[in-house]
Each structure stands twice: as structure tokens, then as C-alpha cells.
Amino acid sequence: DTEVTQTPKHLVMGMTNKKSLKCEQHMGHRAMYWYKQKAKKPPELMFVYSYEKLSINESVPSRFSPECPNSSLLNLHLHALQPEDSALYLCASSQEALAELYEQYFGPGTRLTVT
Amino acid sequence: RKEVEQDPGPFNVPEGATVAFNCTYSNSASQSFFWYRQDCRKEPKLLMSVYSSGNEDGRFTAQLNRASQYISLLIRDSKLSDSATYLCVVNMGNTGGFKTIFGAGTRLFVKA
Numbered sequence: 015d016t017e018v019t020q021t022p023k024h025l026v027m028g029m030t031n032k033k034s035l036k037c038e039q040h041m042g043h044r045a046m047y048w049y050k051q052k053a054k055k056p057p058e059l060m061f062v063y064s065y066e067k068l069s070i071n072e073s074v075p076s077r078f079s080p081e082c083p084n085s086s087l088l089n090l091h092l093h094a095l096q097p098e099d100s101a102l103y104l105c106a107s108s109q110e111a112l113a114e115l116y117e118q119y120f121g122p123g124t125r126l127t128v129t
Numbered sequence: 002r003k004e005v006e007q008d009p010g011p012f013n014v015p016e017g018a019t020v021a022f023n024c025t026y027s028n029s030a031s032q033s034f035f036w037y038r039q040d041c042r043k044e045p046k047l048l049m050s051v052y053s054s055g056n057e058d059g060r061f062t063a064q065l066n067r068a069s070q071y072i073s074l075l076i077r078d079s080k081l082s083d084s085a086t087y088l089c090v091v092n093m094g095n096t097g098g099f100k101t102i103f104g105a106g107t108r109l110f111v112k113a
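See the structure below:
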């Protein structure tokens, strides 16, 4: 059973909507990640938070806005998305970030459809 | 050349077969290596970490060859439930930054 939870499991939104994806981890990890995964492709890193601070932004469009309220929670705020943003959005956590030795644990993902 | 490359697959094997996947990486500064499995429409799940010369967990054996810059995953006595996509993941860290690189994945179908 995953110790990284994500809500909602599925989300359908229009291009003018504002929505948020939520992620929570219960492992005491200090690093959290957002990934985007299209069908039959590997996950693509979007953002990395380390100790609640944004450490990496992989040139993600501003219509995606991450937020880390505390070390256990990670949000992804969505606004004015495009149909091509439809994908599986995965949250992950690891013991530390910016340290190459630690494995990441993934949540079940939110399947997003933009209409 | 991609930073992490995997056998394209798919691999179609009968139950009970032994199957091996390879993954090559281009950055010699890479420090840690992992195999994840991903079922259709599910999240990647950590299968094995490969830190030094390799490790074994039941039917699964992972090997690391730093000189040739590749890792492998061997699955013995394949089960139907082993059918999934196997992702090779490489963590690279240096003073310039930190990266997690995913291979494109290898699909495995185990048939009765």
C-alpha cells in the first residue's frame, strides 16, 4: 500500500476552470515531486520541493502552480489548461532531495482530462 | 544519445521463463540506480534499488556494471503477475545540480 496519497483520482476540467491537485505523504520525507506522465511514456519531472522550498522547476508553464504548505503536503494549482495537458499527474516523495542516493515513492496519481 | 536507454521490448515470454532487461546510462557520474514496475494506468512502484555490485530479492536480481555503464534486471520463473512495464531510473548528482532520469520502459507480457 502506498504511503503517498493523491486526490482526486480523476479530474475533468474545462480550459477556463481553476482546480487543484493534492498530495500527502506520511513517511516523514523532506522532498516531494510532481511528475506528468502521458500514455506509453515515462514520467516527466515538473517540480521538486526540498524542505518545503521549491528547488527545481523544469520550465513548466505558469498555468501550473505548485505549493507546499508543509513537509507532508504538496498541491498543484491548475488554471487555464490546454487539452494537451491531459495526462496522469504523479506525486512522489523521497527522504531527501538533491541527493542522488534516495529512491522515490509515488502516489497513485490523478488522471486529468482537459476539455 | 539518450541519457538512459532501455531495451525497447515488448518481451513476450511463457510462464516459468527467465527474462533479462538491460539499461544503459551515459553519465559516468551517475550515483544510484533503481528498477520500478508500472502496471497499466497505475503509478510506478519501486521494485529494487541497485547501489553497488547488485542485489537479489526472491526471483529478481539486479546487476550494476559501472565500467560498461549498464544495469540489468533478471526475472526468474516468470509469473503472469510480472506482466508490466519496467522502468530503469538513474539519479545523477553533482555540484551543477541533481537529476532523476527515467528510461522509456520495457514492456513485459508473461503468458500462460
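From first to last, the protein sequence lines stand for chains A and B. Residues in the first sequence are numbered from 15 upward in steps of one, following the numbering used here. Residues in the second sequence are numbered from 2 upward in steps of one, following the numbering used here. Each residue gets a CB set at the ideal place from its N, CA and C atoms; glycine is no exception. As the structure is a computational prediction, the values presented were derived from the model and not from experiment.
Applying the criterion that 16 or more other CB atoms from any shown protein chain within 10 Å of the CB defines a buried residue, is residue i buried or exposed?
{"i": "Arg-60/B", "result": "exposed"}
{"i": "Gly-17/B", "result": "exposed"}
{"i": "Val-26/A", "result": "exposed"}
{"i": "Cys-89/B", "result": "buried"}
{"i": "Lys-54/A", "result": "exposed"}
{"i": "Lys-50/A", "result": "buried"}
{"i": "Gly-104/B", "result": "buried"}
{"i": "Gly-42/A", "result": "exposed"}
{"i": "Asp-58/B", "result": "exposed"}
Residue i to residue j, Cα distance in whole Å?
{"i": "Ile-72/B", "j": "Gly-28/A", "result": "43 Å"}
{"i": "Val-5/B", "j": "Gly-106/B", "result": "10 Å"}
{"i": "Ala-94/A", "j": "Leu-87/A", "result": "23 Å"}
{"i": "Ala-45/A", "j": "Thr-25/B", "result": "27 Å"}
{"i": "Leu-65/B", "j": "Leu-68/A", "result": "32 Å"}
{"i": "Ser-50/B", "j": "Thr-30/A", "result": "42 Å"}
{"i": "Glu-72/A", "j": "Pro-57/A", "result": "13 Å"}
{"i": "Tyr-119/A", "j": "His-40/A", "result": "11 Å"}
{"i": "Ala-21/B", "j": "Tyr-37/B", "result": "14 Å"}
{"i": "His-24/A", "j": "Asp-99/A", "result": "14 Å"}
{"i": "Tyr-47/A", "j": "Arg-125/A", "result": "16 Å"}
{"i": "Asn-56/B", "j": "Arg-77/B", "result": "14 Å"}
{"i": "Lys-3/B", "j": "Pro-83/A", "result": "36 Å"}
{"i": "Thr-70/A", "j": "Lys-80/B", "result": "Residue 70/A is actually Ile in this sequence, not Thr. Going from the Cα of Ile-70/A to the Cα of Lys-80/B covers about 39 Å."}
{"i": "Glu-44/B", "j": "Ser-107/A", "result": "13 Å"}
{"i": "Thr-62/B", "j": "Thr-19/B", "result": "11 Å"}
{"i": "Lys-52/A", "j": "Cys-41/B", "result": "12 Å"}
{"i": "Ala-111/A", "j": "Phe-35/B", "result": "16 Å"}
{"i": "Glu-32/A", "j": "Ser-79/A", "result": "The sequence given here places Lys at residue 32/A; Glu does not occur at that position. Going from the Cα of Lys-32/A to the Cα of Ser-79/A covers about 11 Å."}
{"i": "Arg-67/B", "j": "Asn-23/B", "result": "13 Å"}
{"i": "Val-62/A", "j": "Asp-8/B", "result": "28 Å"}
Please work out which residues of its chain come closer than 7 Å, Cβ to Cβ, to residue i, disregarding the five sequence neighbours upstream and downstream, and give them in chain order.
{"i": "Gly-123/A", "result": "Gln-20, Leu-102, Tyr-103, Leu-104"}
{"i": "Pro-15/B", "result": "Lys-112"}
{"i": "Thr-101/B", "result": "Val-90, Asn-92"}
{"i": "Glu-38/A", "result": "Thr-19, Ser-86, Leu-87"}
{"i": "Pro-22/A", "result": "Thr-124"}
{"i": "Asn-28/B", "result": "Glu-4, Met-93"}
{"i": "Asn-13/B", "result": "Phe-110, Lys-112"}
So, at 6 Å on beta carbons, what are the nonlocal neighbours of residue i in its own chain, with the 5 sequence-adjacent residues on each side left out?
{"i": "Tyr-65/A", "result": "Arg-44"}
{"i": "Asn-89/A", "result": "Ser-34, Lys-36, Glu-81"}
{"i": "Thr-86/B", "result": "Gln-39, Gly-106, Arg-108"}
{"i": "Gly-10/B", "result": "Thr-107, Arg-108"}
Assuming residue i and residue j are in contact, meaning their beta carbons sit under 8 Å apart, how far apart are those beta carbons, in whole angstroms?
{"i": "Glu-117/A", "j": "Leu-47/B", "result": "5 Å"}
{"i": "Tyr-52/B", "j": "Ser-33/B", "result": "6 Å"}
{"i": "Ser-69/B", "j": "Phe-110/B", "result": "No, Ser-69/B and Phe-110/B are not in contact; Cβ-Cβ is about 28 Å, not under 8 Å."}
{"i": "Arg-77/A", "j": "Leu-92/A", "result": "7 Å"}
{"i": "Gln-96/A", "j": "Val-128/A", "result": "6 Å"}
Short of 8 Å in beta carbon distance, which residues of its chain neighbour residue i, apart from the five on each side in sequence? Order them along the chain.
{"i": "Ser-54/B", "result": "Gln-64, Leu-65"}
Quiz item: At what residue ranges does the stretch 62-104 of chain B contain a whole run of the beta strand (DSSP E), taking only runs of 3 or more?
Solution: If we require 3 residues or more, the beta strand (DSSP E) runs fully inside the stretch 62-104 of chain B come out as 71-76, 85-95, 98-103.
Notebook entry, point to check: Counting only runs that start and end within the stretch 90-126 of chain A, where is the beta strand (DSSP E) found for 3 or more residues in a row?
Noted result: 101-108
Task: Complete beta strand (DSSP E) runs within the stretch 32-78 of chain A (minimum length 3 residues, chain order) - done: 32-39, 45-51, 58-64, 67-71
Could you pull out every unbroken alpha helix (DSSP H) segment of at least 4 residues lying fully inside the stretch 11-50 of chain B, listed in chain order? none
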